[in-house]
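First up is the structure itself, then whatever we jot down about it.
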Amino acid sequence: MKHIKKIPFFCLLLLSCIFFTLCGFIGKDNLYQSYIEDNDSKTTPLLAVVFEGIHDGIHPWDVFGNPSPHTGPDMQPSTQFPTEMLTPAVSDESAPDNPEINPDAATTPSVVPIATPTLPPAPTAIPLGPDGLPLVNYHTVDSSYFDDAVFIGDSRTRSLQLYSGLNNTTFLADTGLTIYTVLDKQMTASTGEKTTVRNYLTSHQFQKIYLMLGVNELGTGTTESFVASYSEVLQTIQELQPDALIYLQAILNISQSKHNEGTYINNDTIHERNELLKTLADNQHIYWLDANPAICDENGYLIETYTFDGVHLQAKYVPIWVTWLEEHAAPDPAIEVSPTPVISAETDV
Amino acid sequence: MVFSSLEFIFRFFILFLIVYYIAPKRLRNAVLFAGSLIFYAWGEPVYLVLILLSILINYRLGFAIARHPRNSHKHRFFFIIAMLYDFGMLFLFKYADFFIGNLNMLLNFAGHTFGFQPVILKETGLSLPLGISFYTFQIASYIIDIYKKKQKPEHSMLNLGVYLCMFPQLIAGPIIVFSDMAKQLQDRTYSLAEFEDGLKTFVIGLGSKVLLANRIFLLWNNIQVTGFDCISTPLAWLGAFAYSFQIFFDFFGYSLMAIGLGKMLGFNIPENFRYPYIATSVSDFWRRWHITLGAWFRDYIYIPLAGNRCGKLKTVRNLFVVWFLTGLWHGASWNFIIWGLIFFVLISLEKFFLGKVFRKVPFLGHLYIIFLIPLTWIVFAITNGHDLLIYFTRLFPFLNGSSAGSIYSADYIDAIKMFGPVFLLCIVFSTPLPAKLYQRFKNNIITLLLLLGIFWLSIYYLVISSNNPFLYFRF
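Line order of the protein sequences matches chains A and B.
Convert by adding 4 to the 1-based position in the first sequence; the result is the number in my numbering.
Convert by adding 16 to the 1-based position in the second sequence; the result is the number in my numbering.
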């Protein structure tokens, strides 16, 4: 006891270590199961899961309370529901044994069939492009085209907002935005208004909606679960903005050096997701825009000199993207089936 | 393995500490040596051979030098062999490719000018062994002190091994000279109070690295992501300050962690930083920044060259040598040499007249340091000459005669909104105030709880960034 008085800080530290480890241990089969499966126990202490939990809104004391998160205050499948938690659930075989931490998991697979019927099948009379979608005769427009447009996206769209010089349009872009948080995350619109995408699209009507999300989600879920969530979001946006053209933008590729790091941020996953994402477009109401050819080399890598981190375009190359968008304005819906020679997005660049 | 990792704190160090204190006192050096080798091999098993060879060779040569009388041929011979080996290895692994690259450029140029086919030398492609710059300087100080008969060679190879590669200061210093360690290696006192103190020091260092350096680094990273061409002048300055804080709190934190770990094991490791950003001149700054490196250059280069005792011309020459080498020590690239030479110019100017001004008007000195040091860090940070020039035209837009560049002129307001609080913390922790308060209320329960908070908040950030780099660098 005499010794303990000399090392109070050490004792505090030790006790808190034991506490967090205990929390991790108690919750290892339910609350924290998904984290534990992801962690390498050789290098990561058990208590790490408690902090991962805190990050996702699960408090350490939740493990002592009611073990069933269905009734727990933080476990409601609200819009703030931690997206990371869906990851293992969707991709994981053991998901059915673990229903309490993934209330959405059961419904996820059924989302695709719900959403698909809302996309009318492409009329067979329209010629199809190499991407399997109807060919579109894109127009080139000037930047006033974006007057009644809104751009929704993550930090990549944010660099468009900051460095495109387009100040006649609206941006709802936020760093770290994902398809799971896009509708209800608090953000600052380019107008300065604090809002969410859902609220903003309810109170304002737009003619064109540019959507690009998907890089933050690469480590989350599967291609199918990602596209299913995307489909839901598209449906909501269509309900809120029935008159708008929607431009569904392909996830931009990353540079070779970033790709070679061998993390889950890689072009193979991006390509796979883009391929499935494309099926949500019909090129009549929802247009598929793949700007990658404009900024990538022949192997599909984001050109190394255009980027510092391998993911974002540096400010001075953002105009390439803007120009590309200006060259890809969809034809007026009234004259949408155009008999004139068609140009596809792929051959254009 | 770095100190600020879950692996180190919750795996390596806890296990090591238990083994270290279970072992009887006479075996603790062996435990520390073994632990240090495991620590080193964790990240770099191959180069472990190099550090072991260095211990063996210098141990033998130390005796060979000591055996012969001063100024005898053999005395000098073995000394030169030791220096050639130690600095030769450093050159081979750290500077050979830089040297070959420059030589090729020179040959190419000569070939073009005089019309011959230049021979292109192949680069070695060797990677830099962990900590080689630090341990080479440590072992060189040991050999030089023996050569000067200031130091007897260490009889225990184990003790020499512990000196050279004890894990608290193996990778990033502080650089300790052997004479400071000799006694502690033979016998050191262990006390619970020192242990507790060391633990607190470690936690402060961890917080400095994880909560300050890593956070403010994001601003510098954002600027690089945007590209230097397109940032506003205020943002360029904020970037320079951010990088200055990042490099300070990173290195300071690492040194503190080393000192803390040392204390927990019964060692006294010298301090490496003393509030460098409150300096009033560049000379003053270098007495406060990376103190052990400055002392090494002073004791083993500057003073042996006769320092400032042989007239102005020789003083300038000696300063040039010291600062050229200081620059080169920091990295094998021209920007580091230029960075070192900038200090040569500034310190020479201060020695002969500027210094008097700053001593009289310290306020001017503070202003000079606050704005000048970040500029030197920019030279340090940007290894590519072209990018460096661009950054300077952003800092000083009149340099390129136009204000073009910044597309989004309010970028710095966003940066202030996002990083303002971290900036404030960095400023406060660059002054002696927090340390004074800490010394006074060290054992207060509130201080203990604050430290506990710092520790777990650091762990929180480490956890969420280790598993998911995205959360740290979100897109």
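We treat Cβ as the ideally placed atom computed from N, Cα and C, and that holds for glycine.
Worksheet entry | Which listed residue (Val53(A), Thr195(A) and Leu238(A)) has its alpha carbon closest to that of Ala285(A) | Leu238(A)
Worksheet item: How about Gly189(B) and Thr331(B): do their beta carbons lie closer than 8 Å?
Response: no
Worksheet item: Any idea which residues DSSP pairs Lys367(B) with across the strands?
Response: Answer by DSSP bridge pairing: none, since Lys367(B) is not bridged.
Discussion item. For the stretch 404-414 of chain B against the stretch 234-249 of chain B, do three or more pairs of beta-carbon atoms, one drawn from each stretch, fall closer than 8 Å, so that the two count as touching?
Written reply: yes
Discussion item. Is His59(A) close to chain B? Criterion is C-beta to C-beta, closer than 8 Å.
Written reply: yes
Worksheet item: Since Lys216(B) meets chain A, which of its residues come closer than 8 Å, beta carbon to beta carbon?
Response: Phe13
Item to complete: Just list the alpha helix (DSSP H) runs in the stretch 196-278 of chain B, keeping only unbroken ones of 4 residues or longer that don't cross its boundaries, in chain order.
Response: 208-223 and 230-242
Practice prompt. Return no unless some Cβ of chain B is closer than 8 Å to the Cβ of His7(A).
Written response: yes
Discussion item. With a threshold of 8 Å between beta carbons, is Leu166(A) in contact with chain B?
Written reply: yes
Discussion item. Applying the 10 Å Cβ sphere with the 16-neighbour rule, what's the burial state of Thr195(A)?
Written reply: exposed
Item to complete: Could you pull the start and end residues of the alpha helix (DSSP H) that Ala451(B) belongs to?
Response: Leu449 to Arg456
Worksheet item: Rounded C-beta distance between Thr182(A) and Met191(A)? I'm assuming under 8 Å.
Response: Not confirmed; about 12 Å, so no contact.
Fill in: Interface residues of the stretch 310-337 of chain A facing chain B [CB-CB below 7 Å]
Phe312, Asp313, Val315, His316, Gln318, Ala319 and Lys320
Worksheet item: alpha helix (DSSP H) containing Gly225(A): first to last residue?
Response: Careful: Gly225(A) lies outside any alpha helix (DSSP H) and carries neither H nor E.
Fill in: Bridge partner(s) assigned by DSSP for Tyr214(A)
Phe155(A) and Tyr251(A)
Item to complete: Can you grab the Cα-Cα spacing for the pair Tyr428(B) / Ser248(B), in whole Å?
Response: 7 Å
Worksheet item: Can you tell which of Tyr149(A), Phe68(A), Phe23(A) and His63(A) has the C-alpha that lies nearest to the C-alpha of Leu51(A)?
Response: Phe23(A)
Worksheet item: Counting contacts by CB-CB distance shorter than 8 Å, is Glu302(A) in contact with chain B?
Response: no
Discussion item. Looking at chain B, is there any beta carbon in it that lies within less than 8 Å of the beta carbon of Glu10(A)?
Written reply: According to the sequence as given, residue 10(A) is Lys; it is not Glu. So, interface residue.
Worksheet item: Does the beta-carbon distance from Ile232(B) to Ala209(B) come in below 8 Å?
Response: no
Worksheet item: Ala52(A) versus chain B: which residues are under 7 Å apart at the beta carbon?
Response: Leu22 and Val479
Worksheet item: Are Glu330(A) and Asp151(A) closer than 8 Å when you measure CB to CB?
Response: no
Worksheet item: Which whole-angstrom value describes the C-beta separation of Arg277(A) and Thr227(A), a residue pair presumed to lie in contact below a C-beta threshold of 8 Å?
Response: 5 Å
Discussion item. Quick check: Leu317(A) and Thr273(A), are their CB atoms within less than 8 Å of each other?
Written reply: no
Discussion item. If I follow the unbroken beta strand (DSSP E) through Ile97(B), where does it start and stop?
Written reply: Premise fails: Ile97(B) lies in the alpha helix (DSSP H), His89 to Leu106, not in any beta strand (DSSP E).
Discussion item. Looking at chain A, is there any beta carbon in it that lies within less than 8 Å of the beta carbon of Thr210(B)?
Written reply: One detail in the question is off: residue 210(B) reads as Glu in this sequence, not Thr. It does not: the Cβ of Glu210(B) has no partner Cβ on chain A nearer than 8 Å.
Worksheet item: So, is the C-beta of Pro64(A) closer than 8 Å to a C-beta in chain B?
Response: no
Worksheet item: Using 8 Å as the threshold, is the stretch 258-270 of chain A in touch with the stretch 299-313 of chain A, meaning 3 or more CB pairs across them?
Response: yes
Practice prompt. Taking Tyr476(B) as the query, report the chain A residues whose CB atoms sit under 9 Å from its CB, ordered along the chain.
Written response: Phe55, Ile58 and His59
Worksheet item: Shorter than 8 Å from the beta carbon of Leu281(B) to some beta carbon of chain A?
Response: no
Discussion item. Rounded to whole angstroms, what is the Cα-Cα separation between Ala319(A) and Leu18(A)?
Written reply: 48 Å
Worksheet entry | Inter-residue spacing [alpha-carbon to alpha-carbon] between Ile475(B) and Gln288(A) | 51 Å
Item to complete: Look at Thr296(B) and Ile386(B) and say whether their C-beta atoms are less than 8 Å apart.
Response: no
Discussion item. Measuring straight from C-alpha to C-alpha, what distance separates Gly127(B) and Ala112(B)?
Written reply: 22 Å
Fill in: Close beta carbons around Lys166(B), own chain, < 8 Å, minus the five adjacent residues each side
Ser195
Discussion item. Does Pro6(B) pass the burial test, meaning 16 or more other C-beta atoms within 10 Å, or should it be called exposed?
Written reply: Missing from the structure shown is residue 6(B); chain B here goes from 17 to 491 and no further.
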